[in-house]
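Structure first, then comments.
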Amino acid sequence: MSVVVASDLDRTLIYSAAALGLDVPDPEAPRLLCVEVYEGRPLSYMTETAAGLLAELARTSVFVPTTTRTPEQYRRVRLPGPPSRFAVCANGGHLLVDGEPDPEWHSGVRARLDGECAPLAEVTAHLGATADPAWLLKERVADDLFAYLVVERDRLPAEYVTELTEWAEERGWTVSLQGRKLYAVPKPLTKSAAVAEIKRRTGADEVLAAGDSLLDTDLLLAADRGWRPGHGELADADWTAPEVTALEERGVAAGEAIIRALSERASVTWARARSEVIRAVSRGRG
370 MSVVVASDLD
380 RTLIYSAAAL
390 GLDVPDPEAP
400 RLLCVEVYEG
410 RPLSYMTETA
420 AGLLAELART
430 SVFVPTTTRT
440 PEQYRRVRLP
450 GPPSRFAVCA
460 NGGHLLVDGE
470 PDPEWHSGVR
480 ARLDGECAPL
490 AEVTAHLGAT
500 ADPAWLLKER
510 VADDLFAYLV
520 VERDRLPAEY
530 VTELTEWAEE
540 RGWTVSLQGR
550 KLYAVPKPLT
560 KSAAVAEIKR
570 RTGADEVLAA
580 GDSLLDTDLL
590 LAADRGWRPG
600 HGELADADWT
610 APEVTALEER
620 GVAAGEAIIR
630 ALSERASVTW
640 ARARSEVIRA
650 VSRGRG
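Its first residue numbered 370, the sequence shown is counted upward by one per residue in the working numbering.
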């Protein structure tokens, strides 16, 4: 029995310096491993303990980084352990196989977007017309699939997010606020669809998942078991589901707790499968 372990990256497994949430005395802080460098500077981290657990998990399961990052942004991340055969980027817009996008998958995604929701140009025009320079830092489009704003979070009015969410909902789009980024993403663009395709290709029997934001809900609900940290968009909304465990840990400590939980569950599944094989062989000999 093989297990697909699909996990969001930013603020789930890896953390910027601003998101570490180290609320212990400095001498008690965990040792950190830098897993991303951007423009010559360290950008993202995980604890060394988490890194060791993840390296082992990647060797014993089908570990799938599942992120809203574009492929270019994803390739900056150097996770411990063997390279993942599969990765999901652009919130499901790209399915990477051995590091390269699957063109057939991407073509299918494009077709669904064209037929099921308002065009990207309409959304970017609305963002450009409504965003206030008082809190707007940057406007970005990711791989011609979705858009996001980089904002001054403390200055961003809550009512703007509410109004944008309502406007987007009517056009088949989802809005998600993660740190300083306010995303507008087409509803057909989902992580769960890409992970389901990976499950089909690998013949896996179980999918485990982790994530912290609204854009991870479809992935968590589609998985056999899921985990979310004690921080982030889902925690702020007190969101949970029957097969999703809401952890108390926050910041980089949550990343370590998530990897530990995923590893323990994957180990149980693997041990159960091994026992079933042994029993089957024994019955055959009998």
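Beta carbons are placed, not taken as given, at the ideal position from N, Cα and C, and that holds for glycine.
DSSP lists Lys550 as the beta-bridge partner residues of Gln547.
If the five residues before and after Gly462 are omitted, its C-beta is found closer than 7 Å to the C-beta atoms of His475, Val478, Asp512, Leu514, Leu558, all from its own chain and listed in chain order.
Taking one beta carbon from each stretch, the segment 386-404 and the segment 525-538 have fewer than 3 pairs nearer than 8 Å; the two do not touch. Bounds of the beta strand (DSSP E) holding Pro434 are 431-434. For Glu535, no beta strand (DSSP E) segment is defined; the enclosing uninterrupted segment is the alpha helix (DSSP H) at 527-538.
When secondary structure is reduced to three states using DSSP, Ser371 falls in the coil class, being assigned neither helix nor strand. Measuring C-alpha to C-alpha distances from Phe432 to each of Thr416, Leu378, Ala386 identifies Leu378 as the nearest.
Leaving aside the five residues that flank Leu588 on each side, the residues in its chain whose CB is nearer than 8 Å to its CB run, in chain order, Ala375, Asp377, Thr435, Thr559, Lys560, Ser561, Val564, Ala578, Gly580, Gly595. By the CB criterion at 7 Å, Arg597 and Ala610 fall outside the cutoff.
In the three-state DSSP reduction, Leu506 falls in the strand class (E or B). Under the three-state reduction of DSSP, Val457 is assigned to strand. The beta carbon of Asp471 is closer than 8 Å to those of His463, Leu464, Leu465 in its chain, skipping five residues each way along the sequence.
At the C-beta level, Lys550 and Tyr529 stay beyond 7 Å of one another. In the same chain as Asp593, and ignoring 5 residues on each side of it, the C-beta atoms closer than 6 Å to its own belong to Glu575, Val576, in chain order. Within the model, the alpha-carbon separation for Glu441 versus Val510 is close to 13 Å.
Excluding its 5 nearest sequence neighbours in each direction, Ala388 has C-beta neighbours in its own chain below 6 Å: Arg380, listed in chain order.
DSSP lists no bridge partner for Pro557. In the DSSP assignment, Ser476 falls within the alpha helix (DSSP H) that extends over 472-485.
DSSP links Pro411 through a beta bridge to Val406. The beta carbon of Glu405 is closer than 6 Å to those of Leu412, Ser413, Arg445, Val446 in its chain, skipping five residues each way along the sequence. Arg438 counts as buried, since no fewer than 16 other beta carbons sit within 10 angstroms of its beta carbon. The continuous alpha helix (DSSP H) containing Val492 extends over residues 489-499.
In this structure, the CA atom of Leu505 is about 47 Å from the CA atom of Thr638.
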